[in-house]
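What follows is one structure encoded as structure tokens, with my remarks underneath.
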Amino acid sequence: MRDIYHHLAAHSPELTNHSDEYLNDYSSHCSESARAIVSALKLVGNLVLDASDNENYSDEDARRDLLLVSDVLRHLPRLAQALEQNSYTAEYVLRQRREGSK
């Protein structure tokens, strides 16, 4: 089944027409974004843990937040994987260029 990963992940033929500068920036931005998503997931885990220890946290608030957290947890991992793959693909294209110019 196709999901967001398949729509976001770039393939090397799609990147070959871009400059080295663009590919370096693209790889860096994708890698940084993937790390930010992982940080966001860790933050969500910390917030859920803190909320579970709070006596003033109502059942209604908990249900609302669980729906939000479930949405985040369903989609962000695949987004992070696609971004990470894009970073690897851009680096691959750059390596191929360097090896081809020798």
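For what it's worth, my numbering labels the leading residue of the sequence shown as 667, then goes sequentially. A virtual CB, placed ideally from N, CA and C, is assigned to each residue, including glycine. If you're wondering where the values come from, they're calculated on a predicted model, not measured in any experiment.
- Each of Q762, D716, A756 and N752 was checked against the Cα of H672, and the nearest Cα belongs to N752.
- Counting C-beta pairs with one atom in each stretch, the segment 718-738 and the segment 685-695 have fewer than three that are closer than 8 Å, which means they do not touch.
- One alpha carbon belongs to V759, the other to L709, and they sit about 34 Å apart.
- Shown here, D686 sits in a helix according to DSSP, grouped into three states.
- Distance check between A748 and each of R701, N712, A728 and L733 places R701 closest, using alpha-carbon atoms only.
- Its chain contains A700, I703 and V704 as the residues whose beta carbon lies nearer than 7 Å to that of A746, once the 5 sequence neighbours on both sides are disregarded; these appear in chain order.
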